[in-house]
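Colleague: Here the sequence shown is numbered in numbering that gives the first Met the number 0, starting from 0 and rising by one per residue. Even glycine gets a Cβ: it sits at the ideal position worked out from N, Cα and C. Just dropping this structure here.
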Amino acid sequence: MTAPQLSQPDAARAEPGGGITQPGGLSRRDERQAFLRALLRLQCETVGGEAGLVVLRQGPSRQGGVAATYEDPSAAPLTQRTAEALAAIGARAGDGGGTPLAEPITIDDATGLYAPTATHTALAVPLRAESRVEGAAVVLARRGLDDSESALETLGLTTAKFEAFLWRQSAVQEAEHKLILKETLELLDRAQQGATAAAMASVMCDELRRRFACTRVSIGLLKGDHVRIVAISGAEDLDAKSPAVEALEGAMEEAALQDAEVHYPLSEADEADPAKRRVIHEHARLSEAFGPSAILSLPLRLDGGLIGSMVLERDPSDPFPPGSLSLLRLVAEFVGPAVHTRRLADRRAPAVLRDDAVDLGAAIVGPRHTVKKLIAGVVLLVIVLAAIVPIPARISAPMELRATVSRAIVPPFAGYLASSAVRPGDGVAEGDLLAVMATDELELNLAENEARRETLLARRDDALARGERSTARQIQAEIDEVTAGAGLLRERLEASELRAPITGVISQGDLERLAGAPVDASQILLEVVGEGTTAILEVPESSVDRVKVGQAGWISARGEPGRRISVEVVRINPVAQVRDARSVYLVEARITDPDRAAALRPGMTGSARLRAGWSTTLWELGRPVVDALRMRLWW
């Protein structure tokens, strides 16, 4: 059990009649002051003191300073100056160090006993609670004190009563808390016997009336913008139009509008304190019309929000004691949620739907969470606009530019490359010389064939002259063979000059490094591309069904991203190609704006957009998700 402290909040003890108060009708503060005065009286009588005071330190819920004073009736009263001097000595003794002090003090502003020459001794001993200094008690001893140290020791023994008093208060407070909890639990248990919200509230009203000696207890809950009576103690049937019910509802709404506890009649202390002052017009009207009575109205809350009010009335000669308020506040904290929850459970399905719709509307247009509502409203507006505002639909695809016409130049025969007349990037016209094959060996072979043919012709003529016709026929066959070989050599010699088949630009093939090197007839030496470019689009297979021949769009090359060039689809490859592990269809698009395409070159890449009718932003964003779900959920 922890050490008791004077800073603990006040509590109250329940009386059999349901009210709660302190022993002897004293509040906890008054009880503490009475104890401290009794302690000072004991200390003064023990050491022969004429007066004394107790100085307490500042606490979390306690103001520091002089908490109690005592004066011997037979001595002259303390002056203001002497009291201040004693308080200063007590503050030093109770500053936390806890050192007893014995200091001489001269009374210089009185007559007779307190004449300027009269000298006293101020004895200050700390007040402790489990080794913690809470303050100090100071005793003004009479003249002639022989042993101040002995007196301080004696006073120190008397301060043990202070810690015992705190322990007693702590034990009483714990018992009071247990009793309050027991009373509340019993009340809730009795209230659960009600089958409906009205029956539960009626049981609560009757129990509160009995336990707190009230003349009448009423409970009302919010219905729309007004508080409506749910139950009144001792009344089974309620007439909503009766004057009593209207007066009670007026008092409940008055408390609900102020969202505060209302007492009627107001005490002088409450009237003087602006923080406790309340509007009580409806309460006064209720008391005058159906009283007189002392009225206490308590707001009922759920999760910090007001849901109703509870009005308790007592005889004006027996108003609510201050100690009962803590228990009544605790009861109100449970009554409101319990009745409200039961009323929600009593609703039928149509009422549930109606109330949910009303709550949703109130949450949307209510004053709370304004920033969040604005953000949610903007998001909702954006979603609605994205779902209903039409936008042009587009099909996006990577794009590569290719030449409209291109020709590959290959060697006419296997041999050696003699020289090259062009390099990549050179413009050529149809028939221009591009390269020359080496013809030395061909010319030598042709010369050999010609010489052999002449020899064979002479032999054939000799055979005919001798009449050897069969021999002449054999020689003629050899002559034909040599003649055919010579013709082939002449064709190769004629084809040894590689010329441009079309007008265009050399796109690839640097032949300087191949000069004098052997080349094969299947080897591409040069490529000539003609004027004009074509866009090849790699359309994903998920969008190819929306592509049609003649469909318009535009392309934008990475080299000139700000330039949009119009195109038109002219051909769709029916077979898919694999690009980067995905299937695409190659779509050929003709450039329909050649003036703006002058800077385009074959091999450039970029992106293309094809017009595909109309759509919405929400559908375009959600299309991939929808397509993926269709693929996974089909059967």
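State the start and end residues of the unbroken alpha helix (DSSP H) segment that holds Gly64.
Modeller: The residue given as residue 64 occupies position 65 in the sequence shown. Per DSSP, Gly64 belongs to no alpha helix (DSSP H); it is in the beta strand (DSSP E), 64-70.
Colleague: For Leu207, collect the residues of the same chain with a Cβ closer than 6 Å to its Cβ; drop the 5 residues on either side in sequence, then sort them by chain order.
Modeller: Within the sequence shown, the letter at position 208 stands for residue 207. Result list for Leu207: Val216, in chain order.
Colleague: Tell whether a beta-carbon distance below 8 Å holds between Leu41 and Gly89.
Modeller: Position 42 of the sequence shown holds residue 41. Position 90 of the sequence shown holds residue 89. In this structure, Gly89 does not lie closer than 8 Å to Leu41 by Cβ.
Colleague: Starting from the Cα of Ile636, find the closest Cα among Phe161, Arg451, Ile306 and give me that residue.
Modeller: Nothing about residue 636 can be reported from this structure: the residues present for the chain run from 0 to 634 only.
Colleague: Report the three-state DSSP secondary structure of Gly621 (helix, strand or coil).
Modeller: Walking along the sequence shown from the start, residue 621 turns up at place 622. Reduced to three states, the DSSP call for Gly621 is helix.
Colleague: Helix, strand or coil for Ile106? Go by DSSP, reduced to three states.
Modeller: Working through the sequence shown from its first residue, we reach residue 106 at position 107. Correct three-state label for Ile106: coil.
Colleague: With the cut-off set at 8 Å, would you say Ser201 and Ala230 are in Cβ contact?
Modeller: The residue given as residue 201 occupies position 202 in the sequence shown. The residue given as residue 230 occupies position 231 in the sequence shown. It is a contact, given that the beta carbons lie within the stated cut-off.
Colleague: Which whole-angstrom value is the C-beta distance of Ala506 and Pro423, which I expect to be below 8 Å?
Modeller: Residue 506 sits at position 507 when you count from the first residue of the sequence shown. Residue 423 sits at position 424 when you count from the first residue of the sequence shown. Checking the sequence shown, residue 506 turns out to be Ser, not Ala. About 6 Å separates the two Cβ atoms, so the contact holds.
Colleague: How long is the line joining the alpha carbons of Leu100 and Leu324, rounded to whole angstroms?
Modeller: Taking the first residue of the sequence shown as position 1, residue 100 is located at position 101. Taking the first residue of the sequence shown as position 1, residue 324 is located at position 325. Computed Cα separation, rounded: 43 Å.
Colleague: For Pro389, report the span of its beta strand (DSSP E) as first-last.
Modeller: Residue numbering aside, residue 389 sits at position 390 when the sequence shown is read from its first letter. Where Pro389 is concerned, the enclosing beta strand (DSSP E) stretches over 389-402.
Colleague: Counting pairs of Cβ atoms below 8 Å between the region 442-450 and the region 526-535, do you hit three or more?
Modeller: Judged by Cβ distances under 8 Å, the region 442-450 makes no contact with the region 526-535, as fewer than three pairs qualify.
Colleague: For my contact list, Leu126 and Phe161 are in at a C-beta cut-off of 8 Å; report their separation, rounded to the angstrom.
Modeller: For this step, residue 126 is matched to residue 127 along the sequence shown. For this step, residue 161 is matched to residue 162 along the sequence shown. Contact flag correct, Cβ pair sits at about 5 Å.
Colleague: Quick one, which of Met436, Asp236, Val527, Ser241 has its alpha-carbon nearest Leu492's?
Modeller: Numbered from 1 along the sequence shown, position 493 holds the residue referred to as residue 492. Of the listed residues, the one whose Cα sits closest to Leu492 is Met436.
Colleague: Provide the residue(s) that pair with Thr533 in DSSP beta bridges, ordered along the chain.
Modeller: For this step, residue 533 is matched to residue 534 along the sequence shown. DSSP output for Thr533 lists Arg401, Arg589 as bridge partner(s).
Colleague: Going by other Cβ atoms of all chains shown within 10 Å of its Cβ, with 16 needed for buried, is Val427 buried or exposed?
Modeller: Start at 1 with the first residue of the sequence shown, and residue 427 comes out as number 428. Buried, since its Cβ has 16 or more Cβ neighbours within 10 Å.
Colleague: In whole angstroms, what is the alpha-carbon distance linking Val124 and Ser169?
Modeller: Within the sequence shown, residue 124 is the residue found at index 125, counting from 1. Within the sequence shown, residue 169 is the residue found at index 170, counting from 1. Using only the alpha carbons, I get a separation of about 23 Å.
Colleague: Kindly indicate which three-state DSSP category Lys371 falls into: helix, strand or coil?
Modeller: Residue numbering aside, residue 371 sits at position 372 when the sequence shown is read from its first letter. Reduced to three states, the DSSP call for Lys371 is helix.
Colleague: Contact defined as beta carbons within less than 8 Å: I believe Ile394 pairs with Ala611. What is the distance between those atoms, to the nearest angstrom?
Modeller: By 1-based counting over the sequence shown, the position of residue 394 is 395. By 1-based counting over the sequence shown, the position of residue 611 is 612. With 8 Å as the limit, Ile394 and Ala611 qualify as a contact, their Cβ atoms being about 5 Å apart.
Colleague: Assuming Val310 and Met251 are in contact, meaning their beta carbons sit under 8 Å apart, how far apart are those beta carbons, in whole angstroms?
Modeller: In the sequence shown, counting from the first residue as 1, residue 310 sits at position 311. In the sequence shown, counting from the first residue as 1, residue 251 sits at position 252. So it is a contact: roughly 6 Å between Cβ atoms.
Colleague: His280: buried (16+ other C-beta within 10 angstroms of its C-beta) or exposed?
Modeller: On the sequence shown, residue 280 is found 281 positions in, with the first residue counted as 1. So His280 ends up on the exposed side.
Colleague: Are there three or more Cβ pairs, one per stretch, closer than 8 Å when the region 399-408 is compared with the region 375-382?
Modeller: Flag = no, the region 399-408 and the region 375-382 do not touch.
Colleague: Whole angstroms are fine: how far does the CA of Ser555 sit from the CA of Val546?
Modeller: As a first step, residue 546 must be located in the sequence shown, where it is residue number 547. As a first step, residue 555 must be located in the sequence shown, where it is residue number 556. Each residue's Cα considered, the two are about 19 Å apart.
Colleague: Report the rounded CA-to-CA distance for Glu490 versus Arg600, giving the unit in angstroms.
Modeller: The residue given as residue 490 occupies position 491 in the sequence shown. The residue given as residue 600 occupies position 601 in the sequence shown. About 37 Å.
Colleague: For the 8 Å Cβ check, are there 3 or more pairs between the region 59-74 and the region 145-159?
Modeller: Result no; under three Cβ-Cβ pairs closer than 8 Å.
Colleague: Could you spell out where the alpha helix (DSSP H) holding Gly365 opens and where it closes?
Modeller: Along the sequence shown, read from residue 1 onward, the residue named residue 365 stands at position 366. Gly365 -> no alpha helix (DSSP H), and no H or E assigned at all.
Colleague: With DSSP collapsed to three states, give me the class of Lys160.
Modeller: What you label residue 160 is simply residue 161 of the sequence shown in a count that begins at 1. Lys160 falls in the helix class under three-state DSSP.
Colleague: Report yes if the C-beta distance between Val334 and Leu299 is below 8 Å; otherwise report no.
Modeller: For the purposes of this step, residue 334 is taken as the residue at position 335 of the sequence shown. For the purposes of this step, residue 299 is taken as the residue at position 300 of the sequence shown. For Val334 and Leu299, yes; Cβs fall inside 8 Å.
Colleague: What is the DSSP secondary structure of Val381, reduced to helix, strand or coil?
Modeller: Your numbering for residue 381 matches position 382 in the sequence shown. The answer is helix: DSSP assigns Val381 an H, G or I state.
Colleague: Inspect the CB distances between the region 468-479 and the region 497-505 and report whether three or more fall short of 8 Å.
Modeller: Taking 8 Å as the limit for Cβ pairs, the verdict is that the region 497-505 does not touch the region 468-479.
Colleague: Suppose you measure from the CA of Val566 to the CA of Lys372; what does that come to, to the nearest Å?
Modeller: By one-based count along the sequence shown, residue 566 stands at place 567. By one-based count along the sequence shown, residue 372 stands at place 373. The alpha-carbon atoms of Val566 and Lys372 are separated by roughly 47 Å.
Colleague: Tell me the rounded alpha-carbon separation between Arg209 and His368.
Modeller: Counted from its first residue, the sequence shown places residue 209 at position 210. Counted from its first residue, the sequence shown places residue 368 at position 369. Whole-angstrom Cα-Cα distance: 43 Å.
Colleague: Hey, would you say Ser296 sits closer than 8 Å to Ser308, going by beta carbons?
Modeller: Here residue 296 corresponds to residue number 297 of the sequence shown, with the count starting at 1. Here residue 308 corresponds to residue number 309 of the sequence shown, with the count starting at 1. In this structure, Ser308 lies closer than 8 Å to Ser296 by Cβ.
Colleague: Val404 and Gly602 look like a contact to me (Cβ under 8 Å); what is the Cβ gap, rounded to whole Å?
Modeller: As a first step, residue 404 is located in the sequence shown; it is residue number 405 there, counting from the start. As a first step, residue 602 is located in the sequence shown; it is residue number 603 there, counting from the start. Not really, about 15 Å apart at Cβ, beyond 8 Å.
Colleague: Let me make sure I understand the geometry here. Which of Ile294, Gly304, Leu343 has the alpha-carbon closest to that of Pro320?
Modeller: Here residue 320 is taken as the residue at index 321 of the sequence shown, counted from 1. If we check each option's Cα against that of Pro320, Ile294 comes out closest.
Colleague: In whole angstroms, give me the CA-to-CA distance for Ile564 and Glu587.
Modeller: Position 565 of the sequence shown, counted from the start, is the residue given in the question as residue 564. Position 588 of the sequence shown, counted from the start, is the residue given in the question as residue 587. So the two alpha carbons sit approximately 15 Å from each other.
Colleague: Check the Cβ-Cβ distances between Gly51 and every residue of chain B, and say whether any is below 8 Å.
Modeller: The structure shown contains no chain B, having only a single protein chain.
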